[in-house]
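Chemist: The following block contains the structure, expressed as structure tokens.
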Amino acid sequence: MTEKYIARSWAVAARMLGGEMMIMSADSTLFTLNRQATIIWNAADGVTPLREIVEREICGVFEVDPAVAYQDAEDLVRDLAGHGILILSGQPAVGRETAP
Amino acid sequence: MSRLMAELNSRAMALGVPLSAHLDVTYRCNESCLHCYLPHDDRGEMNTAEIVGLLDQLADAGVFFLTISGGEPLLRPDLFEILAHARARTFNVKLKTNAILIRESEAERLFRLNIDSIQISIYSRRPEVHDAITKVKGSLERSIAAIRFLRFRGLKVTIADVLMRPNVDDFPGVQALAAELGAHFTMDPTITPHIEGDRSILQLNVASEDLKEVFHTPGLVGNLEEFCAPPVQVDDDVLDDVPCSAAHTLAYISPYGEVFPCVAFPLPSGNVRRQKFLDIWRDSTQLREVRSITARDLDGCSECGHVGSCTRCPGLAYMEGNMRGPSTADCEKSFARTGIPSRIR
């Protein structure tokens, strides 16, 4: 199975507020991420496979079926990538477009 | 304001988080605007390391929306270093500037830093009016050239027009200019007293009749019926509400590290050169006092029918001598909008 890698976009603004992440995309659309999405966002370092993030950060903390959790995470990162606030890649992606 | 933004503001207020901060990095300026409320000499600005350290503190305190302004911020040679650090700490950054130092290379750098938006003051599209207000010949031409560079890079630009007696008839031209340049347009008829107390510049405030006309211009205020609607019913919800975001979710920091509730509210509340920002934010006696004030506590205003929809500015009220009192310019605005005299007027 092809691994997926996610990295936070350098173009966005982001800040935690009361346990949830606020994100302003480059086109000034405001998003808030729930607790699980915030965990995935924080772990999006561009080099850790999404599967590993879900196993370690989600399944290790919440009582959730791993297959369901991974499917939900895939849907989430696809959605966030569509808004330009995450960069989704089939390879480890570290570079100018990702946040430090 | 979007529903989500309103929710975040409410949450930040409940949590005591400063969601927004305004940082002036200098009071020096290369224009000398008639209506400016700042002294332009350098009295010991924070250096780069101090500002970078402050940005770290602001990020850790939860500040999301950061406005960098001045004076003219581009007069600081380290401005791009400051902006880069702000973006590395993932602030949403807005820059306020007169833009006369922005050329292609600066526009390119601002684009690469993903600056959210740049607000630029334009007072007229007639050079003889704009340049007479800024007291810099050629300033309109240079500011417009800068806007073109910024728009070419796809950056969001807001043209801010401060309305005063010398340019009261010129706002339609500025609004049209903004449309031509693909910029947003905002107009404000508020003249602020000089931060050191001189109130003579208030003579620049537009006349009441002109203000009424401006406030009844549909292309300017949007929905006229809504904007000029009679005051909302006064009830306990109105009286228990707080006047504005100053000291609740907003803080202002001067180039010298002084912390105030808002850029328009020069109540000294601490200095980040002596204390951590978060300690000032949480424990300052002055900020706590501002936070304690609800509409019910306002002298005169609490009994005024406009209290639920007035644009009263506690900073202007403070500069009139009583932070719990009215800001009389806003009494005038309430009257100009609705035709109903305020209790103070």
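Same order as they appear, the protein sequences are chains L and A.
Residue numbering for the first sequence follows my numbering, beginning at 80 and increasing consecutively.
Residue numbering for the second sequence follows my numbering, beginning at 569 and increasing consecutively.
All residues carry an ideal CB built from backbone N, CA and C; glycine is no exception.
(1) Under a CB-based cut-off of 8 Å, is L:Ser104 close to chain A?
(2) If you draw a straight line from the C-alpha of A:Val831 to the C-alpha of A:Cys796, how long is it?
(3) Give me, in chain order, the residues of the same chain whose beta-carbon lies closer than 7 Å to that of A:Pro894; leave out the 5 immediate sequence neighbours on both sides.
(4) Tell me, please, whether the CB atom of A:Gly787 is closer than 8 Å to any CB atom in chain L?
(5) Does A:His752 come out as helix, strand or coil in the three-state DSSP assignment?
(6) So which residues of chain A does L:Leu109 contact, with C-beta pairs closer than 8 Å?
(7) Contact criterion: CB-CB distance below 8 Å. Does L:Leu96 meet it with respect to chain A?
(8) Can you give me the C-alpha to C-alpha distance between A:Cys604 and A:Thr758, rounded to a whole angstrom?
(9) Might you give, ordered along the chain, the residues of its own chain that have their beta carbon closer than 6 Å to the beta carbon of A:Leu846, omitting 5 neighbours on each side?
(10) Touch check for the segment 654-668 of chain A and the segment 627-642 of chain A: three-plus C-beta pairs under 8 Å?
(11) Which same chain residues, not among the five before or five after A:Cys594, have their C-beta less than 8 Å away from its C-beta?
(12) Is any beta-carbon of chain L found at less than 8 Å from that of A:Leu583?
(13) Note down the Cα distance separating A:Lys724 from L:Asp144, rounded to an integer number of angstroms.
(14) Of the residues L:Pro128, L:Thr108, L:Ala90, which one's Cα is nearest the Cα of L:Glu153?
(15) By Cβ distance, which residues of its chain are closer than 6 Å to A:Ile668, with the 5 residues on each side in sequence left out?
(16) What number of angstroms, rounded off, separates the C-alpha of A:Gln743 from the C-alpha of A:Pro836?
(17) Assuming A:Leu855 and A:Arg892 are in contact, meaning their beta carbons sit under 8 Å apart, how far apart are those beta carbons, in whole angstroms?
(18) A:Phe659 CB to nearest chain L CB: under 8 Å?
(19) Just reading off the alpha helix (DSSP H) that L:Leu109 is part of, what are its end residues?
(20) Relative to the C-alpha of A:Leu788, which residue among A:Ala713, A:Ala747, A:Gln771 is closest?
(21) Alpha carbons only, please: which of A:Glu871, A:His784, A:Val875, A:Pro799 is nearest the one belonging to A:Pro811?
(22) What does L:Met101 reach in chain A if we use C-beta pairs closer than 7 Å?
(23) Would L:Thr108 and L:Gly169 qualify as a contact pair, given that the criterion is a beta-carbon distance under 8 Å?
Modeler: In brief:
(1) no
(2) 27 Å
(3) Gly868, Cys869, Arg880, Ala885, Ile912
(4) no
(5) strand
(6) Ser570, Leu572, Met573, Leu576
(7) yes
(8) 11 Å
(9) Ala629
(10) yes
(11) Before going further, note that residue 594 of chain A is Thr rather than Cys in the sequence given. For A:Thr594, where only same-chain residues beyond five positions count, the Cβ hits under 8 Å are Asp610, Glu613, Gly638, Gly639, Glu640, Pro641, Leu643, Arg644, Pro823.
(12) yes
(13) 44 Å
(14) L:Pro128
(15) Ser707, Arg710, Ser711
(16) 36 Å
(17) Not really, about 15 Å apart at Cβ, beyond 8 Å.
(18) yes
(19) L:Leu109 -> not in any alpha helix (DSSP H); beta strand (DSSP E) instead, spanning 109-112.
(20) A:Ala747
(21) A:Val875
(22) Leu576, Phe632
(23) no
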